[in-house]
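Its first residue numbered 1, the sequence shown is counted upward by one per residue in the UniProt record's numbering.
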Amino acid sequence: MTKTTIHDVAARAGVSLATVDRVLNRRPGVRPQTIAKVEAAAQELNYRPDPYAANLAKKRSDRFLFLLPEGRNPFMQQLAREALATAERVLMDRVTLSVRHVDTFDKAALASALSQIDPGEYEGVAVVAQDAPVIRRAIDTLRERGVHVVTLISDVAAAGRDHFVGVDNVAAGRVAGRLIGRFLPQAPGKIALICGTLALSDHAQRVEGCRAVLEADYPHLEVLPVREGRDDDILTRETATDLLKNEPELVGLYNVGSGTRGLIASLEANAAPGKPVTIAHELTPHSAQALEAGTLDALICQDPGHEIRSAARVLKALVDNAPLVKGQERIRIEIYIRENLPFGFSG
Numbered sequence: 001m002t003k004t005t006i007h008d009v010a011a012r013a014g015v016s017l018a019t020v021d022r023v024l025n026r027r028p029g030v031r032p033q034t035i036a037k038v039e040a041a042a043q044e045l046n047y048r049p050d051p052y053a054a055n056l057a058k059k060r061s062d063r064f065l066f067l068l069p070e071g072r073n074p075f076m077q078q079l080a081r082e083a084l085a086t087a088e089r090v091l092m093d094r095v096t097l098s099v100r101h102v103d104t105f106d107k108a109a110l111a112s113a114l115s116q117i118d119p120g121e122y123e124g125v126a127v128v129a130q131d132a133p134v135i136r137r138a139i140d141t142l143r144e145r146g147v148h149v150v151t152l153i154s155d156v157a158a159a160g161r162d163h164f165v166g167v168d169n170v171a172a173g174r175v176a177g178r179l180i181g182r183f184l185p186q187a188p189g190k191i192a193l194i195c196g197t198l199a200l201s202d203h204a205q206r207v208e209g210c211r212a213v214l215e216a217d218y219p220h221l222e223v224l225p226v227r228e229g230r231d232d233d234i235l236t237r238e239t240a241t242d243l244l245k246n247e248p249e250l251v252g253l254y255n256v257g258s259g260t261r262g263l264i265a266s267l268e269a270n271a272a273p274g275k276p277v278t279i280a281h282e283l284t285p286h287s288a289q290a291l292e293a294g295t296l297d298a299l300i301c302q303d304p305g306h307e308i309r310s311a312a313r314v315l316k317a318l319v320d321n322a323p324l325v326k327g328q329e330r331i332r333i334e335i336y337i338r339e340n341l342p343f344g345f346s347g
């Protein structure tokens with residue numbers, strides 16, 4: 001059986017090969033009725049693109065930009081290291097991956113960075129971003145200019161991004177709520193939540209999930225108003241210290257984002273042994289050490305290497321107009337306690 005080619009699609013749709021190429025690769029500059037005609041022809045002919053042949057025909061590599069948060073957040077530093085490692089591996093697939101850092105907490109700076117991306121320089125962008133109107137507009141504009149956008153770690157679902165790579169953050173928050181509820185006795189007490197900022201959808205969704213479980217299944221526990229630590233070690237330490245000193249009924253603490261070093265320092269300096277039950281995110285040498293010492297009770301984690309590789313694969317599939325392998329791109333929630341720390345993290 002002869003394989004359908006873009007020549008067949010062009011003939012069926014009555015358009016040029018260049019037009020078919022623009023439609024199949026989702027490039028701008030084609031009228032909606034022409035897009036519909038080409039897509040209908042491709043469907044009628046059961047056309048399937050050949051990414052390998054397309055790669056060989058290209059005169060240059062696909063170029064992707066990863067916009068990652070600047071600063072000392074250990075998880076984001078892991079993410080950046082994984083991006084640089086992945087950049088070396090994908091060169092053989094004719095993909096060039098660049099990393100640029102921006103202040104994620106500065107909405108204007110991030111929007112500006114997105115708006116300055118040249119469609120002639122990059123085919124796709126992966127970005128860790130706040131969910132704010134100015135960011136949504138910047139993402140929508142970038143898509144209109146023909147650049148594929150993948151949100152990474154924290155989604156901006158209301159924008160026209162192509163795909164989100166990250167865990168189900170509502171579920172991650174529900175896991176935290178369940179762990180706190182199960183670790184504590186059936187007695188009244190207060191639970192504190194410290195997030196980086198509720199403007200990050202991953203933090204807001206974790207808060208939502210945790211609060212929902214605690215309020216529904218552990219009504220004897222009172223959830224205090226959420227505090228923000230901006231993922232900063234010093235501010236998170238100050239926030240945790242204030243809670244430990246001024247909330248005598250505090251029995252549980254959930255650090256929704258980063259700033260974990262500051263949290264650990266505050267617990268070591270101010271908390272009585274075993275109090276409060278404390279859940280945090282992301283496995284680093286420092287958080288693993290605190291888990292072994294009993295300062296933290298559990299870590300809820302995601303695999304930064306998997307997320308970076310997934311974002312690169314998704315962007316490549318979008319550029320090639322190829323299907324995604326959904327199971328391969330599903331990012332799992334991982335839970336660690338002292339007894340199941342992976343090799344290399346346990347003492």
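Glycine residues also receive a C-beta, built at the ideal position from the N, C-alpha and C atoms. Being a predicted model, the structure only gives us computed values, none of them experimental.
Q. Going along the chain, which residues of its own chain have a beta-carbon closer than 6 Å to the beta-carbon of P69, five neighbours each way excluded?
A. M76, T104, V128
Q) What residues in its chain sit with their C-beta under 6 Å from that of residue 348, if we drop five residues either side in the sequence? A) As displayed, the chain neither begins before 1 nor continues past 347, which places residue 348 out of reach and without an answer.
**Q.** Start-to-end residues for the alpha helix (DSSP H) that takes in D202
**A.** 201-217
Q: Would you decide whether F343 is buried or exposed? Buried here means 16 or more other CB atoms lie within 10 Å of its CB.
A: exposed
(Q) The alpha helix (DSSP H) that contains G262, what's its start and end? (A) 260-270
Q. Just to confirm, are V251 and P276 a CB contact at a threshold of 7 Å?
A. yes
Q) Opposite L283 in the DSSP bridges: which residues? A) Looking at the DSSP assignment, L283 forms no beta bridge with any residue, so it has no partner.
Q.
So, at 6 Å on beta carbons, what are the nonlocal neighbours of G257 in its own chain, with the 5 sequence-adjacent residues on each side left out?
A. C195, G196, H203, D231
Q: Under 7 Å Cβ to Cβ from T141, same chain only, skipping five residues before and after it: list those, please.
A: S115
Q) Which of helix, strand or coil does DSSP assign to residue 353? A) A query on residue 353 cannot be resolved here, the shown segment of the chain reaching from 1 to 347 and no further.
Q | Neighbourhood of G177 by C-beta, 6 Å cutoff - its chain only, sequence neighbours within 5 removed | A | C210, V213, L214
Q.
Taking DSSP's pairing of strands, which residues face K190 in a bridge?
A. E222, L250
Q. What runs of the beta strand (DSSP E), each 3 residues or longer, lie entirely inside the stretch 120-167?
A. 124-127, 148-152, 163-165
Q: Starting from the Cα of E144, find the closest Cα among R27, V170, S266, G229 and give me that residue.
A: R27
Q.
Does A298 come out as helix, strand or coil in the three-state DSSP assignment?
A. strand
Q.
Restricting to Cα atoms, I'd like to know which of Y336, I337, A311, R338 is closest to R330.
A. A311
Q: Pick helix, strand or coil for L341, following the three-state DSSP scheme.
A: coil
Q) Should A40 be labelled buried (16 or more other beta-carbon atoms within 10 Å of its own) or exposed? A) exposed
Q) Where do the N-terminal and C-terminal ends of the alpha helix (DSSP H) with I6 fall, by residue? A) 6-13
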